[in-house]
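Working notes, structure below.
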Amino acid sequence: MLTEVLGWPLAEAKERLEAQGWQITVRSTLAPRAEDRGEARVVRVKVTGPQQAELTVVYVPHRPCPLCEEESES
Numbered sequence: 057m058l059t060e061v062l063g064w065p066l067a068e069a070k071e072r073l074e075a076q077g078w079q080i081t082v083r084s085t086l087a088p089r090a091e092d093r094g095e096a097r098v099v100r101v102k103v104t105g106p107q108q109a110e111l112t113v114v115y116v117p118h119r120p121c122p123l124c125e126e127e128s129e130s
């Protein structure tokens, strides 16, 4: 059975599924003018064959938390 990995960071999802015997391929999807930088997160999982799955990822930019900055200034 395929573990639910939607929303997981790519490295963690891939590691977990490969440990369970799944062969993983990775695809990325980008919005227009977007860059493949930041943290890759799994947004789709597709079983492509026996013990084979394709993970689609998007890249979430690393942005500082405005609230965290305010707290550190206090």
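Just add 56 to the spot in the sequence shown (first one is 1) and you have the numbering used here. Heads up, the beta-carbon is just placed ideally off N, CA and C, and yes, glycines get one too.
| Query | Result |
| --- | --- |
| Collapsed DSSP secondary structure at Ala96 in the structure displayed | strand |
| Residue from Pro117, His118 and Val113 whose Cα sits closest to the Cα of Thr81 | Val113 |
| 7 Å CB neighbourhood of Thr85 in its chain, flanking five on each side removed | Thr112 and Val114 |
| Coarse secondary structure for Ala67, derived from DSSP in three states | helix |
| CB contact flag (Leu66, Ala109, <8 Å) | no |
| Cβ separation of Gln79 and Thr59, assumed to be a contact under 8 Å, to the nearest whole Å | Actually they are not in contact, since the Cβ atoms of Gln79 and Thr59 sit about 14 Å apart, beyond 8 Å. |
| Those residues which DSSP pairs with Glu110 across a bridge | Thr81 and Lys102 |
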